[in-house]
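Q:
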Amino acid sequence: MAPKKYGFSFSWKRASGLTAAKQSFTRKTGIPTTKRSVEQKIGKLLLKTLFGKK
């Protein structure tokens with residue numbers, strides 16, 4: 003990843019609205035769209051099934 007210069011950065015995903023669409027989809031459906039979020043959700047489900055609800 004290239005370092006940012008002078009506090010300015012450009013993202014074609016944000017400019018095209020892709021990021022906002024993914025966030026909106028995730029909030030409405032509860033289905034995560036990133037690898038990290040999927041891993042967190044699976045881990046949370048496993049812990050709930052193993053140790054019960056707190």
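Just add 2 to wherever you are in the sequence shown, counting from 1, and you've got the working numbering. The beta-carbon is built from N, C-alpha and C at its ideal position, and this holds for glycine as well.
(1) From Gly9 to Pro34, what does the alpha carbon distance come to, in whole angstroms?
(2) Output the distance between the C-alpha atoms of Arg16 and Arg38, rounded to the nearest integer angstrom.
(3) Output the boundary residues of the alpha helix (DSSP H) element that contains Thr28.
A: On the basis of the coordinates in this document:
(1) If you number the sequence shown from 1, residue 9 lands on position 7. If you number the sequence shown from 1, residue 34 lands on position 32. Each residue's Cα considered, the two are about 29 angstroms apart.
(2) Within the sequence shown, numbered from 1, the residue matching residue 16 stands at position 14. Within the sequence shown, numbered from 1, the residue matching residue 38 stands at position 36. For Arg16 and Arg38, the distance between alpha carbons rounds to 19 angstroms.
(3) Locating residue 28 in the sequence shown gives position 26, where the first residue counts as 1. First-last of the alpha helix (DSSP H) with Thr28: 20-31.
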